[in-house]
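K.L.:
Residues 13 to 344 (the working numbering) make up the sequence shown, in order. Ideal Cβ placement from N, Cα and C applies to all residues, glycine included. Please read all numbers here as calculations on a predicted model, not as lab measurements.
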Amino acid sequence: MTRPAACLLTTTMLLIGCMNTTADDERTDRSSSEQRPFIEIEVPPTYHVLGSYDPKWESYIREGIEMARAYWGSYGPTHVWIGGREDERAIDDATREAFIEEYCRWRIAETERTTEECRPYVTERFIDVIESDQPEAYLSWVDEKEQPEAELVFLNVHEWYHEEEVVPDPVLRGIHEYTHVFQMAFGTQPTWMMEGGAVFAESWLVHLQGRRPLEFNLSRIMQRAKSIRDTGLTIADMEDIDTAPEKVAGYHMELAYDTGAWAVAYLIHRSPGRSVARYRDEFHPMITEIGWRKALARYLDIEDEQAFYVAFERFMERPREEQVMILSELKP
Ligand SMILES: [Zn+2]
13 MTRPAACLLT TTMLLIGCMN TTADDERTDR SSSEQRPFIE IEVPPTYHVL
63 GSYDPKWESY IREGIEMARA YWGSYGPTHV WIGGREDERA IDDATREAFI
113 EEYCRWRIAE TERTTEECRP YVTERFIDVI ESDQPEAYLS WVDEKEQPEA
163 ELVFLNVHEW YHEEEVVPDP VLRGIHEYTH VFQMAFGTQP TWMMEGGAVF
213 AESWLVHLQG RRPLEFNLSR IMQRAKSIRD TGLTIADMED IDTAPEKVAG
263 YHMELAYDTG AWAVAYLIHR SPGRSVARYR DEFHPMITEI GWRKALARYL
313 DIEDEQAFYV AFERFMERPR EEQVMILSEL KP
């Protein structure tokens with residue numbers, strides 16, 4: 013199965029710049045400027061779907077997003093853009109036009125952008141990707157409006173769907189990306205904590221619903237995390253994907269997503285009460301207040317983040333049964 017390319021695309025998404033900028037350049041923006049966070053907001057996410065895409069894909073994504081929103085809280089403002097094609101047929105003109113128009117109306121509002129700038133941008137970022145039949149899921153952070161808004165993009169998610177799976181993958185994509193909306197309502201977190209937290213949430217939330225044991229995905233994820241142990245790289249190398257050297261970036265998936273998910277599980281297990289809800293309710297506001305390094309130290313009552321890294325490395329060396337055991341000791 014193709015590894016989901018779900019990612020967090022933190023970018024100022026300048027319409028003009030974006031046309032000619034690589035993803036790497038866009039990501040650099042994040043390191044150089046402090047992000048204005050998303051806010052707690054009662055209004056639910058607004059869903060926008062390409063007219064010709066089977067509505068069942070929206071239903072799965074919505075199910076995941078709503079599951080995550082019910083758990084983490086309601087943040088945003090959030091707009092969800094969904095599109096795809098299953099039959100390799102070109103998207104007809106009217107459907108394409110309606111999508112482009114709807115997108116640009118939202119995207120240029122409250123900005124000095126024009127429709128002329130927006131049209132080629134949406135064509136490249138959405139229509140061309142849909143017609144390439146490649147799946148994509150990511151959050152992008154739209155900072156040009158008065159209040160930054162979250163844009164969750166899901167394209168061709170049917171490519172990730174496998175009938176035999178108890179929880180359809182597009183549901184997990186929805187959980188994952190919405191978890192980033194929650195995280196980004198607080199202060200900056202290291203890459204391993206962002207991606208690890210989102211991957212952990214995928215397993216945690218479906219586990220809470222009794223649909224799949226917590227270790228179902230996480231034990232497979234541990235296997236992948238262990239597969240790169242001989243590189244000597246650790247999550248300490250994955251604090252910021254934007255500035256990570258090429259060698260580290262090459263193991264982005266294994267370090268940020270796989271090892272990161274276990275680092276978050278371990279963090280919660282080491283915390284008072286071992287409670288995931290406390291991680292949500294106390295740890296995240298603490299990040300806003302004092303920054304993630306101090307928050308981590310205070311929350312776990314340890315000296316600094318280095319002490320966490322050392323302890324986590326020891327945990328990664330323990331036998332698999334012991335590692336999986338901590339999952340059963342986590343509390344809601
Ligand atoms: Zn992600």
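Find out if the Cβ-Cβ distance for the pair D105, S64 is shorter than 9 Å.
P.N.:
no
K.L.:
According to DSSP, which residues form a beta bridge with A121?
P.N.:
For A121, which the question treats as bridged, DSSP gives no partner whatsoever.
K.L.:
Would you mind listing the beta strand (DSSP E) stretches within the region 85 to 131 that are 3+ residues and don't spill past its ends, in chain order?
P.N.:
90 to 95
K.L.:
Check whether the Cβ atoms of M206 and H192 sit closer than 9 Å, and answer yes or no.
P.N.:
yes
K.L.:
Is it a yes or a no for the region 165 to 177 touching the region 237 to 254, going by three-plus beta-carbon pairs under 8 Å?
P.N.:
Using a Cβ-Cβ distance cut-off of 8 Å, the region 165 to 177 and the region 237 to 254 are not in contact, since fewer than three pairs of beta carbons, one from each stretch, lie closer than that value.
K.L.:
Excluding the 5 residues preceding and the 5 following E214 in the sequence, name in chain order all residues of the same chain whose CB lies nearer than 6 Å to its CB.
P.N.:
L184, I187 and H188
K.L.:
Check for me: the alpha helix (DSSP H) holding A273 runs from which residue to which?
P.N.:
G272 to R282
K.L.:
Compute the minimum distance between the beta carbon of Y150 and the heavy atoms of ligand 1, and state whether it is under 8 Å.
P.N.:
yes
K.L.:
For H296, is the beta carbon positioned less than 8 Å from some heavy atom of ligand 1?
P.N.:
no
K.L.:
Count the other CB atoms, across all protein chains shown, that sit within 10 Å of the CB of I51; report buried if there are 16 or more and exposed otherwise.
P.N.:
exposed
K.L.:
At the level of alpha carbons, what is the spacing between P5 and E258?
P.N.:
Outside the modelled stretch of the chain, which goes from 13 to 344, sits residue 5, for which no answer is possible.
K.L.:
Going along the chain, which residues of its own chain have a beta-carbon closer than 7 Å to the beta-carbon of P160, five neighbours each way excluded?
P.N.:
Excluding sequence positions up to five before and after P160, its CB lies within less than 7 Å of the CB of R48, F50, W153 and V154, all in the same chain and listed in chain order.
K.L.:
Could you tell me which uninterrupted beta strand (DSSP E) segments, each at least 3 residues in length, are contained entirely in the region 139 to 173, listed from first to last along the chain?
P.N.:
DSSP runs (the beta strand (DSSP E)) wholly in the region 139 to 173: 148 to 154 and 161 to 167.
K.L.:
Do A307 and F194 have their beta-carbon atoms positioned less than 9 Å apart in this structure?
P.N.:
Cβ distance not < 9 Å, so F194 and A307 don't count as in contact.
K.L.:
Helix, strand or coil: which one does DSSP assign to V179?
P.N.:
coil
K.L.:
Could you check whether Q335 and F324 sit closer than 9 Å to each other, using their CB atoms as the reference points?
P.N.:
Remark: C-beta atoms of F324 and Q335 do not approach each other more closely than 9 Å.
K.L.:
Does A319 pass the burial test, meaning 16 or more other C-beta atoms within 10 Å, or should it be called exposed?
P.N.:
A319 comes out exposed.
K.L.:
Can you give the Cα-Cα distance for F198 and M298, rounded to whole angstroms?
P.N.:
For F198 and M298, the gap between their C-alpha atoms comes out near 9 Å.
K.L.:
Is it right to say H283 is buried, meaning 16 or more other beta carbons lie within 10 angstroms of its own, or is it exposed?
P.N.:
Residue identity differs from the one stated: residue 283 is Ser in this sequence, not His. The residue in question, S283, is buried, as its Cβ has 16 or more Cβ neighbours within 10 Å.
K.L.:
Which same chain residues, not among the five before or five after D316, have their C-beta less than 6 Å away from its C-beta?
P.N.:
A309
K.L.:
So who's on the other strand from Y59, going by DSSP bridges?
P.N.:
V92
K.L.:
Whole angstroms is fine: what's the gap from E333's alpha carbon to Y115's?
P.N.:
49 Å
K.L.:
DSSP on E52, reduced to helix/strand/coil?
P.N.:
strand
K.L.:
Thinking C-beta only, is F138 closer than 9 Å to V169?
P.N.:
no
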